[in-house]
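The sequence shown lines up with residues 1 to 165 when you count with the UniProt record's numbering.
Each residue gets a CB set at the ideal place from its N, CA and C atoms; glycine is no exception.
Taking it in order: structure first as structure tokens, then the write-up.
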Amino acid sequence: MSSKIHPMLETFLKIGCSDMKAASAAFAVYMDLAEVKAVWDLQYALCQELDLIYLTAKDNATDTEPSIYLPLPASHSISAEWLLKVQNTLPIRNKSVIMALKDTDSTLVYYNVTEGLSSPDTPEEVQKKKATEDSRKFMQTELWRKRKQLYESAKSASQHNDDKT
Numbered sequence: 001m002s003s004k005i006h007p008m009l010e011t012f013l014k015i016g017c018s019d020m021k022a023a024s025a026a027f028a029v030y031m032d033l034a035e036v037k038a039v040w041d042l043q044y045a046l047c048q049e050l051d052l053i054y055l056t057a058k059d060n061a062t063d064t065e066p067s068i069y070l071p072l073p074a075s076h077s078i079s080a081e082w083l084l085k086v087q088n089t090l091p092i093r094n095k096s097v098i099m100a101l102k103d104t105d106s107t108l109v110y111y112n113v114t115e116g117l118s119s120p121d122t123p124e125e126v127q128k129k130k131a132t133e134d135s136r137k138f139m140q141t142e143l144w145r146k147r148k149q150l151y152e153s154a155k156s157a158s159q160h161n162d163d164k165t
């Protein structure tokens, strides 16, 4: 009996990364970005020098530059030297990378790592981001809650248009 695994996980396992935990972390982050965060233009690549899979994605359709996500198991050893190597190895324009750490219980934590120091968001920026995220979550919830009604409405409209022709 053959076991079925998700096609993306199979791809990540076959892409050439020798670290199975890193491939598993990449899959978890890929699914989170695709299904939960609903990012745009999600891509993956293998960095052979680091032996890690990294992801690129845009937060919204109007972004010009994609963000770089580096999925790692939470047990991965991280040092300042290693972070410098990451920033110099990956194709990062602004020396910023988002580390996505996956714990054994599948918890994901995202850290934005930049070169040098950066100032935190202002309280107004934090409120604006939270309001945007709350609005997006509300819309997703409403669409999910009303999906059957929307499907029936679209089906009815389609049948109505077919009757006219």
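Secondary structure of residue 74 (DSSP, three-state): coil. The shortest C-alpha to C-alpha distance from residue 92 to any of 128, 26, 72, 66 is the one to 66. In this structure, the beta-carbon distance from residue 23 to residue 55 does not fall below 8 Å. Going by DSSP, residue 48 is part of no beta strand (DSSP E) at all; its letter is neither H nor E. Of all alpha-carbon atoms in 69, 51, 15, the one lying nearest the alpha-carbon of residue 102 is that of 69. In this structure, residue 59 places its C-beta atom within 8 Å of the C-beta atom of residue 39. For residue 112, the secondary structure class from DSSP, reduced to helix, strand or coil, is strand.
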